[in-house]
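One point on numbering: in my numbering, the residue at position 113 of the sequence shown is 210, and numbering is uninterrupted.
Please read the structure below before turning to the comments.
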Amino acid sequence: MKKQVATTAAPAAIGPYSQAIDLGNMVFISGQIPVNPATGEIPEGIKAQTAQSISNIKAILAEAGLSIDNVVKTTVFLADMSLFGEMNEVYGNEFTAPYPARSAVAVRELPKQVLVEIETIAVR
Numbered sequence: 098m099k100k101q102v103a104t105t106a107a108p109a110a111i112g113p114y115s116q117a118i119d120l121g122n123m124v125f126i127s128g129q130i131p132v133n134p135a136t137g138e139i140p141e142g143i144k145a146q147t148a149q150s151i152s153n154i155k156a157i158l159a160e161a162g163l164s165i166d167n168v169v170k171t172t173v174f175l176a177d178m179s180l181f182g183e184m185n186e187v188y189g190n191e192f193t194a195p196y197p198a199r200s201a202v203a204v205r206e207l208p209k210q211v212l213v214e215i216e217t218i219a220v221r
């Protein structure tokens, strides 16, 4: 049975979707952009934006009773592939081995003109 996961510690969904869906053994987290949930502000630069996106993911994971160590797959959307190295540096400091499987792609545009969006799959 699917259950919605929602927390005010991460940005609210701004459309007809959930922050995350919990299937019991798996949690699917919608793409998180770097919006600070307390202020609504977006930090400048790819490093700060990557850190904020991951912070939002951690908040949703915590609401589901999980941690970053439960993440098995991420998809990283970048506004420009030239940002990959700096994003990867922050990402590498947040996750530990064995690292989640990951895809990283450049896209034409992201919501609110952010530089990064990260979606996540976690397991119990």
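Positions of the beta carbon are idealized from the N, C-alpha and C atoms, including for glycine.
| Asked | Found |
| --- | --- |
| Option in 203, 153, 118 with minimal Cα separation from residue 139 | 153 |
| Residue 215 to residue 170 span [Cα, whole Å] | 10 Å |
| Rounded straight-line distance, which links the Cα of residue 110 to that of residue 146 | 18 Å |
| 8 Å Cβ shell around residue 166 - same chain, five flanking residues per side excluded | 193 |
| For residue 200, three-class secondary structure by DSSP | strand |
| Beta strand (DSSP E) segment containing residue 220, residue limits | 213-220 |
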